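Take a look at the structure set out below.
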Amino acid sequence: MDLKAVRAFVAIADSGQFQLAAVDLALTQQAVSKRIAALEKDLGVRLLVRTARGAELTIDGQALLPHARALLQAEERAVAAVRPGDRALRVDVVGRRVATAGLVRDFHLAHPEIALDVVTLFGADTALAAVRDGAVDATFRAVTMPGHRLPEGVEAVPVLDEPLRLCVGPDHEFARAASVTPAQLAGHRIWMPGNEPGTEWAAYYDELAATFGPTIDTIGPNFGIEALLDTIAGTPTLATFLSERTPLVWPTGHDLRLVPLRDPTPVYPHALLWRTDNPHPGLAALRDHLLARRPHPSEGETWRPTWAQPG
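Each residue of the sequence shown is one higher than the one before, starting from 1 at the first, in UniProt numbering.
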(Lines of atoms letter the chains of each structure in order from A and count residues from 1; the text may use other names and numbers.)
(Lines give C-alpha, C1' and ligand atoms only; values in the text may rest on other atoms or scores of the structure.)
Protein backbone atom coordinates (compact mmCIF):
# COMPACT_ATOMS: atom_id res chain seq x y z
CA MET A 1 0.00 0.00 0.00
CA ASP A 2 1.37 3.39 -1.01
CA LEU A 3 1.86 5.40 2.19
CA LYS A 4 1.74 8.66 0.21
CA ALA A 5 -1.77 7.76 -0.90
CA VAL A 6 -2.67 6.74 2.65
CA ARG A 7 -1.42 10.10 3.92
CA ALA A 8 -3.57 11.90 1.31
CA PHE A 9 -6.61 9.85 2.38
CA VAL A 10 -6.12 10.74 6.06
CA ALA A 11 -5.57 14.41 5.20
CA ILE A 12 -8.90 14.52 3.32
CA ALA A 13 -10.67 12.70 6.16
CA ASP A 14 -9.33 15.27 8.63
CA SER A 15 -10.00 18.38 6.56
CA GLY A 16 -13.13 17.25 4.72
CA GLN A 17 -11.90 18.76 1.45
CA PHE A 18 -9.53 17.77 -1.33
CA GLN A 19 -8.37 21.37 -1.67
CA LEU A 20 -7.43 21.77 2.02
CA ALA A 21 -5.69 18.39 2.00
CA ALA A 22 -3.67 19.49 -1.03
CA VAL A 23 -2.54 22.63 0.81
CA ASP A 24 -1.56 20.61 3.91
CA LEU A 25 0.44 18.18 1.77
CA ALA A 26 1.99 20.90 -0.43
CA LEU A 27 0.51 19.21 -3.52
CA THR A 28 -1.87 20.18 -6.28
CA GLN A 29 -5.48 19.12 -5.92
CA GLN A 30 -5.05 17.01 -9.05
CA ALA A 31 -2.13 15.14 -7.48
CA VAL A 32 -4.20 14.39 -4.36
CA SER A 33 -7.08 13.13 -6.52
CA LYS A 34 -4.71 10.81 -8.42
CA ARG A 35 -3.37 9.35 -5.16
CA ILE A 36 -6.88 8.65 -3.88
CA ALA A 37 -7.87 7.07 -7.20
CA ALA A 38 -4.79 4.82 -7.07
CA LEU A 39 -5.53 3.81 -3.48
CA GLU A 40 -9.15 2.98 -4.29
CA LYS A 41 -8.03 0.93 -7.29
CA ASP A 42 -5.48 -0.90 -5.16
CA LEU A 43 -8.07 -1.76 -2.50
CA GLY A 44 -10.94 -2.37 -4.89
CA VAL A 45 -13.37 -0.15 -2.96
CA ARG A 46 -14.56 3.43 -2.99
CA LEU A 47 -13.29 5.41 -0.01
CA LEU A 48 -14.59 8.96 -0.59
CA VAL A 49 -17.51 10.67 -2.26
CA ARG A 50 -17.49 14.29 -3.31
CA THR A 51 -20.28 16.48 -1.97
CA ALA A 52 -21.23 20.13 -2.20
CA ARG A 53 -19.39 20.69 1.07
CA GLY A 54 -16.26 18.79 0.07
CA ALA A 55 -15.71 15.06 0.62
CA GLU A 56 -17.21 12.40 2.88
CA LEU A 57 -16.02 8.93 3.82
CA THR A 58 -17.89 5.93 2.50
CA ILE A 59 -18.55 2.98 4.78
CA ASP A 60 -15.32 1.40 3.49
CA GLY A 61 -13.49 4.67 4.05
CA GLN A 62 -14.72 4.76 7.65
CA ALA A 63 -13.49 1.19 8.14
CA LEU A 64 -10.09 2.02 6.67
CA LEU A 65 -9.47 5.27 8.57
CA PRO A 66 -8.24 3.90 11.94
CA HIS A 67 -5.94 1.46 10.16
CA ALA A 68 -4.65 4.22 7.90
CA ARG A 69 -3.80 6.33 10.96
CA ALA A 70 -2.03 3.33 12.49
CA LEU A 71 0.02 2.86 9.31
CA LEU A 72 1.18 6.48 9.38
CA GLN A 73 2.02 6.24 13.07
CA ALA A 74 4.02 3.06 12.40
CA GLU A 75 5.87 4.87 9.62
CA GLU A 76 6.68 7.72 12.00
CA ARG A 77 7.98 5.31 14.64
CA ALA A 78 10.06 3.46 12.06
CA VAL A 79 11.69 6.68 10.87
CA ALA A 80 12.29 7.83 14.44
CA ALA A 81 13.94 4.50 15.28
CA VAL A 82 16.78 5.21 12.86
CA ARG A 83 16.85 8.99 12.94
CA PRO A 84 20.26 10.16 14.21
CA GLY A 85 19.93 11.13 17.84
CA ASP A 86 16.58 9.39 18.34
CA ARG A 87 17.83 5.83 18.49
CA ALA A 88 20.27 4.59 21.11
CA LEU A 89 23.99 4.93 20.40
CA ARG A 90 25.27 1.35 20.03
CA VAL A 91 28.79 0.84 21.34
CA ASP A 92 30.89 -2.34 21.52
CA VAL A 93 32.98 -2.36 24.72
CA VAL A 94 34.71 -5.74 24.09
CA GLY A 95 33.83 -7.01 27.61
CA ARG A 96 31.72 -5.74 30.48
CA ARG A 97 34.54 -6.14 33.02
CA VAL A 98 37.26 -4.30 31.15
CA ALA A 99 38.42 -0.70 31.15
CA THR A 100 36.51 0.25 28.00
CA ALA A 101 33.21 -0.60 29.67
CA GLY A 102 34.21 1.78 32.45
CA LEU A 103 34.89 4.52 29.91
CA VAL A 104 31.40 4.19 28.46
CA ARG A 105 29.89 4.03 31.94
CA ASP A 106 31.62 7.33 32.80
CA PHE A 107 30.25 8.81 29.57
CA HIS A 108 26.73 7.73 30.54
CA LEU A 109 27.08 9.40 33.94
CA ALA A 110 28.20 12.62 32.25
CA HIS A 111 25.54 12.44 29.50
CA PRO A 112 22.49 10.56 30.83
CA GLU A 113 20.34 12.17 28.15
CA ILE A 114 22.05 10.08 25.43
CA ALA A 115 20.50 6.61 25.19
CA LEU A 116 23.06 3.81 25.01
CA ASP A 117 23.00 0.23 23.77
CA VAL A 118 26.14 -1.48 25.09
CA VAL A 119 27.23 -4.73 23.41
CA THR A 120 30.27 -7.02 23.51
CA LEU A 121 31.77 -8.39 20.31
CA PHE A 122 34.59 -10.92 20.18
CA GLY A 123 37.66 -10.09 18.13
CA ALA A 124 38.71 -7.21 15.91
CA ASP A 125 37.43 -8.75 12.66
CA THR A 126 33.90 -9.08 14.00
CA ALA A 127 33.94 -5.60 15.53
CA LEU A 128 35.34 -3.89 12.43
CA ALA A 129 32.76 -5.61 10.23
CA ALA A 130 30.02 -4.43 12.58
CA VAL A 131 31.26 -0.83 12.37
CA ARG A 132 31.65 -1.01 8.61
CA ASP A 133 28.17 -2.46 8.12
CA GLY A 134 26.48 -0.12 10.60
CA ALA A 135 25.58 -2.84 13.14
CA VAL A 136 27.32 -0.77 15.82
CA ASP A 137 28.20 2.91 15.92
CA ALA A 138 31.60 2.49 17.57
CA THR A 139 33.98 -0.06 19.04
CA PHE A 140 37.11 -0.04 21.18
CA ARG A 141 40.08 -1.91 19.76
CA ALA A 142 43.86 -2.00 19.72
CA VAL A 143 44.73 -1.01 16.16
CA THR A 144 46.14 -2.11 13.92
CA MET A 145 47.21 -5.66 14.75
CA PRO A 146 49.60 -7.47 12.36
CA GLY A 147 48.03 -8.41 9.05
CA HIS A 148 45.04 -6.13 9.55
CA ARG A 149 44.04 -2.73 8.28
CA LEU A 150 41.12 -0.45 8.94
CA PRO A 151 38.28 -0.72 6.41
CA GLU A 152 37.87 2.25 4.11
CA GLY A 153 35.81 4.96 5.76
CA VAL A 154 36.60 3.79 9.31
CA GLU A 155 38.71 6.03 11.55
CA ALA A 156 40.38 5.44 14.90
CA VAL A 157 41.58 7.72 17.66
CA PRO A 158 43.55 6.62 20.77
CA VAL A 159 41.51 7.12 23.93
CA LEU A 160 43.27 5.14 26.66
CA ASP A 161 46.77 3.80 27.23
CA GLU A 162 45.94 1.32 29.99
CA PRO A 163 48.93 0.54 32.26
CA LEU A 164 49.34 -3.15 33.06
CA ARG A 165 50.10 -4.55 36.48
CA LEU A 166 51.42 -7.94 37.46
CA CYS A 167 48.90 -9.93 39.48
CA VAL A 168 50.46 -12.52 41.79
CA GLY A 169 49.55 -14.58 44.83
CA PRO A 170 51.07 -14.02 48.30
CA ASP A 171 53.80 -16.64 47.82
CA HIS A 172 55.03 -15.47 44.43
CA GLU A 173 58.59 -14.19 44.08
CA PHE A 174 57.36 -10.66 43.30
CA ALA A 175 54.53 -10.52 45.88
CA ARG A 176 56.36 -7.99 48.07
CA ALA A 177 58.07 -6.01 45.33
CA ALA A 178 57.32 -2.28 45.16
CA SER A 179 57.51 -2.57 41.38
CA VAL A 180 58.88 -4.89 38.71
CA THR A 181 60.48 -4.19 35.35
CA PRO A 182 59.23 -6.14 32.34
CA ALA A 183 62.77 -7.48 31.87
CA GLN A 184 62.52 -9.14 35.30
CA LEU A 185 59.66 -11.24 33.99
CA ALA A 186 61.94 -13.14 31.57
CA GLY A 187 61.40 -16.85 32.08
CA HIS A 188 58.34 -16.39 34.31
CA ARG A 189 54.99 -17.97 33.41
CA ILE A 190 52.18 -15.52 32.76
CA TRP A 191 48.93 -17.48 32.64
CA MET A 192 46.34 -16.00 30.27
CA PRO A 193 43.93 -18.72 29.09
CA GLY A 194 41.68 -16.12 27.44
CA ASN A 195 44.34 -15.25 24.84
CA GLU A 196 42.80 -16.91 21.82
CA PRO A 197 44.85 -16.90 18.59
CA GLY A 198 43.83 -14.20 16.14
CA THR A 199 42.62 -11.72 18.74
CA GLU A 200 44.25 -8.33 19.12
CA TRP A 201 45.00 -8.97 22.79
CA ALA A 202 46.79 -12.22 21.92
CA ALA A 203 48.87 -10.28 19.36
CA TYR A 204 49.66 -7.67 22.03
CA TYR A 205 50.93 -10.20 24.57
CA ASP A 206 52.83 -12.17 21.91
CA GLU A 207 54.90 -9.09 21.14
CA LEU A 208 55.32 -8.27 24.83
CA ALA A 209 56.67 -11.80 25.36
CA ALA A 210 58.98 -11.51 22.37
CA THR A 211 60.31 -8.18 23.67
CA PHE A 212 60.81 -8.95 27.36
CA GLY A 213 60.98 -12.75 27.60
CA PRO A 214 58.09 -13.94 29.80
CA THR A 215 56.26 -17.11 28.80
CA ILE A 216 52.61 -16.42 27.96
CA ASP A 217 50.85 -19.62 28.98
CA THR A 218 47.39 -20.10 27.39
CA ILE A 219 47.03 -23.78 28.32
CA GLY A 220 43.77 -24.95 29.83
CA PRO A 221 40.11 -23.99 29.39
CA ASN A 222 39.07 -20.41 30.08
CA PHE A 223 36.63 -20.58 33.01
CA GLY A 224 36.58 -16.81 33.47
CA ILE A 225 38.37 -14.27 35.59
CA GLU A 226 37.25 -15.71 38.96
CA ALA A 227 38.73 -19.14 38.20
CA LEU A 228 41.90 -17.48 36.89
CA LEU A 229 42.37 -15.52 40.12
CA ASP A 230 41.61 -18.59 42.25
CA THR A 231 44.53 -20.35 40.58
CA ILE A 232 46.89 -17.36 40.76
CA ALA A 233 46.19 -16.94 44.49
CA GLY A 234 47.16 -20.53 45.26
CA THR A 235 50.42 -20.89 43.32
CA PRO A 236 53.88 -19.34 43.79
CA THR A 237 54.85 -19.82 40.12
CA LEU A 238 52.04 -18.34 38.05
CA ALA A 239 51.20 -14.68 37.46
CA THR A 240 48.86 -12.82 35.15
CA PHE A 241 48.40 -9.29 33.88
CA LEU A 242 45.58 -7.05 35.08
CA SER A 243 44.89 -3.34 35.20
CA GLU A 244 44.04 -1.15 38.15
CA ARG A 245 41.02 -0.07 36.05
CA THR A 246 39.66 -3.63 35.89
CA PRO A 247 36.65 -3.70 38.26
CA LEU A 248 37.34 -6.82 40.33
CA VAL A 249 36.61 -7.94 43.87
CA TRP A 250 38.21 -11.13 45.13
CA PRO A 251 37.94 -13.03 48.42
CA THR A 252 40.03 -11.61 51.26
CA GLY A 253 41.79 -14.94 51.72
CA HIS A 254 43.27 -14.76 48.23
CA ASP A 255 45.62 -11.94 49.30
CA LEU A 256 46.37 -11.14 45.66
CA ARG A 257 48.86 -8.40 44.83
CA LEU A 258 48.82 -5.95 41.91
CA VAL A 259 52.45 -5.05 41.38
CA PRO A 260 53.23 -1.98 39.22
CA LEU A 261 55.37 -2.52 36.13
CA ARG A 262 58.01 0.14 35.54
CA ASP A 263 60.87 1.05 33.17
CA PRO A 264 59.00 0.78 30.88
CA THR A 265 55.32 0.45 31.80
CA PRO A 266 53.50 -1.73 29.27
CA VAL A 267 50.27 -0.01 28.23
CA TYR A 268 47.42 -1.56 26.32
CA PRO A 269 46.45 0.91 23.57
CA HIS A 270 42.66 1.27 23.37
CA ALA A 271 41.32 3.26 20.43
CA LEU A 272 37.79 4.28 19.53
CA LEU A 273 36.76 3.26 16.01
CA TRP A 274 33.80 4.60 14.04
CA ARG A 275 32.59 5.12 10.48
CA THR A 276 33.30 8.62 9.23
CA ASP A 277 29.86 9.02 7.64
CA ASN A 278 27.97 8.07 10.81
CA PRO A 279 25.78 11.11 11.66
CA HIS A 280 24.66 10.05 15.16
CA PRO A 281 25.21 13.10 17.43
CA GLY A 282 25.84 10.80 20.38
CA LEU A 283 28.92 9.47 18.59
CA ALA A 284 30.48 12.93 18.41
CA ALA A 285 29.63 13.48 22.08
CA LEU A 286 31.27 10.17 23.04
CA ARG A 287 34.40 10.96 21.06
CA ASP A 288 34.69 14.45 22.54
CA HIS A 289 34.14 13.10 26.06
CA LEU A 290 36.84 10.44 25.70
CA LEU A 291 39.40 12.80 24.22
CA ALA A 292 38.77 15.50 26.84
CA ARG A 293 39.24 13.00 29.67
CA ARG A 294 41.90 10.81 28.18
CA PRO A 295 44.24 9.76 31.01
CA HIS A 296 47.97 9.38 30.50
CA PRO A 297 50.44 7.25 32.48
CA SER A 298 51.68 9.47 35.29
CA GLU A 299 55.38 8.92 35.01
CA GLY A 300 58.19 7.10 33.24
CA GLU A 301 58.61 5.44 29.88
CA THR A 302 55.85 3.33 28.37
CA TRP A 303 55.83 0.40 25.97
CA ARG A 304 53.30 -0.59 23.32
CA PRO A 305 53.63 -2.95 20.34
CA THR A 306 55.33 -1.69 17.23
CA TRP A 307 52.07 -2.18 15.29
CA ALA A 308 49.91 -0.13 17.66
CA GLN A 309 48.75 3.27 16.60
CA PRO A 310 50.75 5.83 18.61
CA GLY A 311 48.96 7.71 21.40
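Backbone N, C-alpha and C define an ideal beta-carbon position, used for all residues, glycine too. As the structure is a prediction and not an experimental result, all values here were calculated from the model.
In the displayed model, residue 54 falls within a strand according to three-state DSSP. Between the alpha carbons of residue 214 and residue 220 lies a gap of roughly 18 Å. Counting of Cβ neighbours within 10 angstroms places residue 122 among the exposed residues, the total staying below 16.
Residue burial annotation: residue 131 is buried, with at least 16 other C-beta atoms found within 10 angstroms of its C-beta.
Residue range 200 to 212 is occupied by the alpha helix (DSSP H) that includes residue 211. For the pair residue 241 and residue 190, the CB atoms are nearer than the 8 Å cut-off. Bounds of any alpha helix (DSSP H) do not take in residue 120, whose DSSP letter is neither H nor E. Assigned with DSSP and collapsed to three states, residue 241 falls in strand. Contact between the stretch 269 to 279 and the stretch 131 to 140 is present: three or more C-beta pairs spanning the two stretches fall below 8 Å. Per DSSP, reduced to three states, the secondary structure at residue 178 is coil, with no helix or strand assignment. The continuous stretches of beta strand (DSSP E) do not include residue 226, which lies in the alpha helix (DSSP H) extending over residues 225 to 233.
When DSSP reads this structure, residue 156 sits in a beta bridge with 273. Apart from sequence neighbours up to five positions away, the residues of its chain that approach residue 68 with a beta-carbon distance below 7 Å are 6, 9 and 10, ordered along the chain. Residues of the same chain with a CB within less than 7 Å of the CB of residue 93, apart from the 5 flanking positions on each side, are 100, 101, 104, 118, 120 and 140 in chain order.
When C-beta atoms of the stretch 177 to 185 are compared with those of the stretch 255 to 271, three or more pairs fall below 8 Å, so the two segments count as touching.
Here DSSP, grouped into helix, strand and coil, assigns residue 260 to strand. Boundaries of the alpha helix (DSSP H) harbouring residue 8: 3 to 15, taken from the DSSP string. DSSP, read as helix, strand or coil, puts residue 127 in helix. Relative to the Cα of residue 303, the nearest Cα in the group 183, 134 and 33 belongs to 183.
Across the structure, residue 160 and residue 284 are spaced so that their CA atoms are roughly 17 Å apart.
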